[in-house]
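Going by UniProt numbering, the first residue of the sequence shown is number 1, and it counts up by one from there.
All residues carry an ideal CB built from backbone N, CA and C; glycine is no exception.
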Amino acid sequence: MNILPERFVLIILAIFFQRQIFRVRNNHSLRREAINDIGYGLSKAEKAELYHGIEVVRQFQLLRAPKFTEIGSMAEHANAPYINRMIALDELREIDRQLEFINPDLARIAGESTYCYLSRIRRLALPGLSEKLVERIGFLAEHCRYRAEPFGITELGELRALIKDIVRMFSSDAKHLRKRNEYETQKNCKNCNLKPKRISFKSSRFMKRQHNCNDNECDLPLLNPDKRNEE
């Protein structure tokens, strides 16, 4: 008569231990560090093919990026007071597109203003770029996006002329810009007190870095913008 309850106890204990084993195993798999290397486990030829496919997609995105000045948008907003601002934003996008075509590692950081972007390019990759040119393009970019003052044909014509000058400079220095990789164009500013941490994806094109800095004017991305390092 006592055998039956003992069997029930053993069965319950077995179920309990099995559930604990499964729970620990699942928690361990969730905590396991993800492998972020592109093409991890592939052969060299397969990785080269994968990188080529990524590059093709990137160039397609640059060529087919949506514009404010597409035919449908222009027809719909032709008489709107902000039409010049729409055109100006597309013209400014040409700066990003030209730099990304020359070298993908010169792409704009998410949330980076036009002035900060061009200042970073000037400081780290293109010292011959005029500071006045950067300041004026940065001002007109902020004007067409945020300022309440009218942005008319005069401002648009000035912006187009400045963009033409800077794109011409990019083309003349394309060989120099191609030699820059992301690690070089996003390295520490002079006030950084931490060495950059590289997360390699087996290619300089896919290198990321983490950054902390004490400089309040630094425009590089921070690990935690609300917590800067203490000297």
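Check	Outcome
Does the distance from the CB of leucine 92 to the CB of alanine 141 come in under 8 angstroms?	yes
Less than 8 angstroms between the C-beta atoms of isoleucine 54 and leucine 156, yes or no?	no
Would phenylalanine 151 be called buried (16 or more neighbouring beta carbons within 10 Å of its own) or exposed?	buried
For isoleucine 137, which residues in the same chain have their Cβ closer than 6 angstroms to its Cβ, ignoring the five residues on either side in sequence?	Leu162
Quick check: aspartate 90 and leucine 133, are their CB atoms within less than 8 angstroms of each other?	no
In three-state DSSP terms, what is arginine 108?	coil
Identify the continuous alpha helix (DSSP H) that holds asparagine 84 and give its terminal residues.	83–102
Please report the straight-line C-alpha distance between glycine 62 and phenylalanine 101, rounded to a whole angstrom.	In the sequence on display, residue 62 carries leucine and not glycine. Computed Cα separation, rounded: 8 angstroms.
Counting only the same chain and skipping the five closest in sequence on each side, list residues whose C-beta sits under 8 angstroms from that of leucine 129.	Leu118, Ile121, Arg122, Ile166, Met169
Is the beta carbon of proline 127 closer than 8 angstroms to that of arginine 58?	no
Suppose the cutoff is 7 angstroms on Cβ atoms and the five residues either side in sequence are ignored; what does the same chain contact list for arginine 178 look like?	Ile102, Asn103
Provide the residue span of the alpha helix (DSSP H) that contains glutamate 49, from first to last.	44–63
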